[in-house]
Amino acid sequence: MNTKASLENYSDILLVRKLQGYFELMKPRVMSLVIFTAFVGMFLAPGRIEYLNYIFVILAIAIGAGSSASINMWFDEDIDRTMERTKTRPIPLGIVTKNEALVLGIFSGIISLLLMQWFANPLATSLLLFTILFYIFIYTFWLKRTTSLNIVIGGAAGAIPPIIGWTAVSPEISFLPISMFLIIFFWTPPHFWALSVYRYNDYENAKVPMLPNVKSIYDTKKQIVYYTALLIIFSYSPYLDKNIGLIYFIIATILNFILLSSSIKLRKTKEKKSKPNKEGLKFFALSIFYLFSLFSALVIDHLIKI
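For the sequence shown, the positions run 4 to 309 when the working numbering is used.
What follows is the structure in structure tokens.
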């Protein structure tokens with residue numbers, strides 16, 4: 004999408020346009036995945052809290068994720084202006100200023116922590132605070148611009164929401180939420196590496212040390228297969244919990260076959276000079292479907308057992 008077309012998506016009314024920009028700063032598409040995985044953690048946790056508390060805990064997690072995203076866009080403004088994928092974000096478009104993004108990030112982060120503390124408990128609040136700080140200081144400020152392991156290590160921030168959701172309902176950490184954490188942790192590298200294969204030139208121009216630019220696209224595609232295999236192994240870890248049954252196992256097996264086949268197909272592709280590898284984009288999209296479906300399988304298994 005070009006800049007002109009992107010600007011047309013915003014209202015001509017200044018206040019509405021600003022609100023749209025603030026909303027986009029919080030990366031709503033990424034937020035939706037965070038919200039869903041946190042919800043699954045809450046849904047599977049033993050015990051119950053008030054229905055209103057469920058709503059405000061999810062809201063706190065969503066706002067916390069948005070806080071991290073806003074500060075990420077504030078810090079990465081130079082990268083976002085360079086990359087085709089990100090040049091239509093609110094700051095490069097001039098919809099909001101860098102200072103507005105920073106203020107929004109800090110303010111929303113504080114609000115999210117206050118909500119979590121009020122409607123949940125100190126453990127869930129501490130985990131939310133750790134997640135926000137880890138994404139900002141470890142991933143955004145340090146790893147992203149310095150090492151090709153940025154996604155591997157930084158992926159921990161995106162993997163914590165199921166544990167936060169779980170501890171908001173039951174303030175203790177057990178095997179099942181840890182297994183959900185591990186699934187997302189090992190899902191993150193192949194998910195983003197597939198995008199970096201497709202957007203190789205983008206990351207090269209922005210001087211972001213993604214794996215294809217540090218090593219090679221071929222090596223990255225091999226790593227995608229290896230990490231997909233690791234992800235498949237850990238995808239069965241919830242089945243070791245006595246509360247997860249055969250329905251999850253069957254759905255996970257079907258999804259794993261599809262994902263592994265797609266990763267092998269991506270590895271076998273040959274790069275064409277100056278042309279993005281569309282199989283990378285396909286795997287990126289499929290991996291999102293995979294994670295949503297895998298966590299949905301946990302919910303379905305739990306509901307049918309009830």
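No residue lacks a Cβ here, since even glycine has one placed at the ideal position from N, Cα and C.
Remember, predicted model here, so these are calculated numbers, not experimental data.
The region 116-123 makes no contact with the region 94-103, as fewer than three CB pairs between them are under 8 Å. Here K90 carries a coil assignment [DSSP, helix/strand/coil]. In this structure, L107 sits away from S71, with a CB-CB distance that is not shorter than 8 Å. Here the region 261-275 does not lie against the region 242-252, with fewer than 3 beta-carbon pairs under 8 Å apart. At least 8 Å separates the beta-carbon of V43 from that of F286. Below 8 Å, too few C-beta pairs join the region 7-19 and the region 28-45 to call them touching: fewer than three.
Excluding the 5 residues flanking it on each side, E207 has same chain C-beta neighbours closer than 7 Å at N216, in chain order. Three or more Cβ pairs closer than 8 Å define a contact, and the region 216-229 meets that threshold against the region 256-272.
Residue nearest to A162 within the set T100, I307 and M34 is M34 (criterion: CA-CA distance). Linking K210 to T149 through their CA atoms gives a straight-line distance of about 10 Å.
In this structure, P241 is the residue among Y293, P279, P241 and I257 with its C-alpha nearest to the C-alpha of H305. For K285, the three-state secondary structure derived from DSSP is helix. Contact check for I98 against G158 fails: the beta carbons are separated by 8 Å or more. Fully enclosed alpha helix (DSSP H) runs of no fewer than 4 residues occupy 125-136 of the region 108-137, in order along the chain. Under the Cβ criterion (8 Å, minimum of three pairs), the region 191-207 counts as touching the region 78-91. Note: K275 is bridge-paired with K278 in the DSSP secondary-structure output. Remark: C-beta atoms of T231 and L185 do not approach each other more closely than 8 Å.
Around S173, the same chain offers A48, P49 and G50 as residues with beta carbons nearer than 8 Å, after the five sequence neighbours per side are excluded.
Its Cα nearest to that of A160, the residue I64 stands out among N246, F78 and I64. Counting only residues of its own chain and dropping the five nearest sequence neighbours on each side, R20 has a CB closer than 7 Å to the CB of Y13, S14 and I98.
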